[in-house]
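Quick note: the sequence shown uses our numbering, first residue 1198, plus one each step.
Every residue gets a Cβ at the ideal spot worked out from N, C-alpha and C, and that includes glycine.
Here the structure is a predicted model, which means the values were calculated and not measured.
Report on one structure; see the data block that follows.
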Amino acid sequence: MFDFIEELKKLNAKRIFIQYPEGLKLRIQEIDQELQKQGFETVICCEPTFGACDVRDFEAERLGCDAILHIGHSDFGVKSKIPVVYVDYFIDVDPLPILEKEFEKIEKYKTICLFTSLQYVSAMKKVKEWLENKNKKIIFVKGEKYEGQILGCRIDFANKAADCMLYIGTGKFHPLGLALLTEKPVFSLDLEQKKIVNFEKEKMKYLKKKIWYEEKLKEAKTVGIVVCWKHGQNRIKEAFALKRQLENNGKKVHILAFDTVSKEKILGFKFDSLVYMLCPRITDEDFLE
Ligand code: SF4
1198 MFDFIEELKK
1208 LNAKRIFIQY
1218 PEGLKLRIQE
1228 IDQELQKQGF
1238 ETVICCEPTF
1248 GACDVRDFEA
1258 ERLGCDAILH
1268 IGHSDFGVKS
1278 KIPVVYVDYF
1288 IDVDPLPILE
1298 KEFEKIEKYK
1308 TICLFTSLQY
1318 VSAMKKVKEW
1328 LENKNKKIIF
1338 VKGEKYEGQI
1348 LGCRIDFANK
1358 AADCMLYIGT
1368 GKFHPLGLAL
1378 LTEKPVFSLD
1388 LEQKKIVNFE
1398 KEKMKYLKKK
1408 IWYEEKLKEA
1418 KTVGIVVCWK
1428 HGQNRIKEAF
1438 ALKRQLENNG
1448 KKVHILAFDT
1458 VSKEKILGFK
1468 FDSLVYMLCP
1478 RITDEDFLE
């Protein structure tokens, strides 16, 4: 787990800014302690970090840090003013009891395409072996760093050979994103709910809501366009282009900028419609509910 210490030493870094996903909070003090033991000064970032699209080089530099340790996310390609060391983080979980119990839901498919997020890459390997022992042919979604590993904002469904798609992980974000791109059945082996979920219903629900929101936008007189200044989520050019387009259709438009957006921060404004131009995860999970 602590291999990254050598990398930080090679950089000659003295003070480290630590970014990590919320799910890792319970282990951060232990990691911080180890870094301090190795002679580094450290600053733990307490703002949420949802992905490697969010590299806080400006903030880190302001606090006198000369490197960032970005835990639990693969390099997104964000250019940073100071070096960033990315550390994989895998959650050790056994998906096989769920698969054994729920297998009949996917039993009829011969070729199964697997996909997951970084934390569950090792869980996906266990699923692969188990399904191969049941004579299933296993293929993968075109991945990021690892085979089958996807990012919610970069889903690229290129694999047409599958009879169905199976996600290993938690939440709706990744399987729903893929369900919207393919006609193939998409399932999620949900490690929290401990069952296999078919995403057809979710997809229909989402598409209906989307149509409803698009209609509301057509009728809206005052519109807010929500943007974010995180490096990898900054879509300000597109936001201004959309603003002009909406204004040409007679609407009053305001651009609202956030670090991390939440419903609470928007309370008090008066808008008929909001358009989110940042991480697609936010639109899907929090605001189309
Ligand atoms: S933009 Fe959203 S989905 Fe993409 S890496 Fe960032 S947090 Fe993840």
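Does DSSP put residue i in a helix, in a strand, or in coil?
i       : result
LEU1485 : The pLDDT assigned to LEU1485 is 45, lower than 50, so where the model puts this residue is not dependable; a value taken from the coordinates is nonetheless given after this. LEU1485: coil per DSSP, three-state reduction.
MET1362 : strand
HIS1371 : helix
GLN1392 : In the sequence as presented, Gln is not what sits at residue 1392; that position holds Lys. DSSP places LYS1392 in strand when its eight states are reduced to three.
ARG1351 : coil
GLU1441 : Residue 1441 is actually Arg in this sequence, not Glu. If DSSP states are grouped into helix, strand and coil, ARG1441 belongs with the helices.
GLN1235 : coil
ARG1224 : helix
VAL1383 : strand
PHE1468 : coil
PHE1214 : strand
PHE1201 : helix
LYS1342 : coil
LYS1334 : strand
LEU1328 : helix
LEU1208 : coil
ILE1479 : helix
LEU1377 : coil
LYS1357 : coil
Can you tell me the Cα-Cα spacing of residue i and residue j, whole angstroms?
i       : j       : result
ASP1353 : VAL1338 : 8 Å
GLU1486 : LYS1207 : Any reading at GLU1486 must be qualified, since the residue scores a pLDDT of 44, below 50, and its modelled position is unreliable; the value itself is stated next. Going by the C-alpha atoms only, they are around 46 Å apart.
GLU1344 : LYS1211 : 35 Å
CYS1350 : ASN1330 : 33 Å
GLN1226 : PRO1245 : 16 Å
SER1277 : LYS1307 : 45 Å
LEU1296 : PRO1477 : 29 Å
GLU1416 : GLY1366 : 38 Å
ARG1224 : ASN1445 : 51 Å
ILE1303 : VAL1282 : 39 Å
MET1321 : MET1474 : 31 Å
VAL1290 : GLY1236 : 33 Å
GLU1378 : LYS1406 : Looking at the sequence shown, residue 1378 is not Glu but Leu. Rounded to whole angstroms, LEU1378 to LYS1406 spans 17 Å at the Cα level.
GLY1374 : VAL1420 : 25 Å
LYS1305 : ILE1335 : 14 Å
MET1401 : VAL1394 : 14 Å
PHE1287 : HIS1267 : 14 Å
VAL1324 : PHE1468 : 46 Å
PHE1199 : GLU1231 : 8 Å
PHE1300 : ASN1209 : 51 Å
GLU1399 : HIS1428 : 30 Å
LYS1342 : LEU1311 : 15 Å
LYS1418 : GLN1442 : 13 Å
LYS1448 : SER1470 : 11 Å
PHE1255 : VAL1458 : 19 Å
GLY1465 : CYS1425 : 19 Å
CYS1243 : GLN1233 : 18 Å
ALA1454 : VAL1472 : 12 Å
LYS1357 : GLN1346 : 17 Å
TYR1317 : LYS1333 : 20 Å
Can you pull the DSSP bridge partners for residue i?
i       : result
CYS1425 : PHE1455
VAL1318 : None, per the DSSP bridge assignment.
VAL1450 : VAL1420
PHE1473 : The residue asked about is misnamed: residue 1473 is Tyr in this sequence, not Phe. VAL1423, per the DSSP bridge assignment.
Shorter than 8 Å from the beta carbon of residue i to some beta carbon of chain B?
i       : result
PHE1384 : This model lacks chain B altogether; it includes just one protein chain.
Using only the heavy atoms of ligand 2, determine whether one of them is closer than 7 Å to the beta carbon of residue i.
i       : result
PRO1477 : What this structure holds is ligand 1, not ligand 2.
Q) Can you list the beta strand (DSSP E) stretches of 3 or more residues lying completely in the segment 1238-1312, in chain order? A) Fully enclosed beta strand (DSSP E) runs of 3 or longer: 1238-1241, 1264-1268, 1281-1284.
Q. Between the segment 1383-1391 and the segment 1426-1443, do three or more beta carbon pairs fall short of 8 Å?
A. The segment 1383-1391 is not in contact with the segment 1426-1443.
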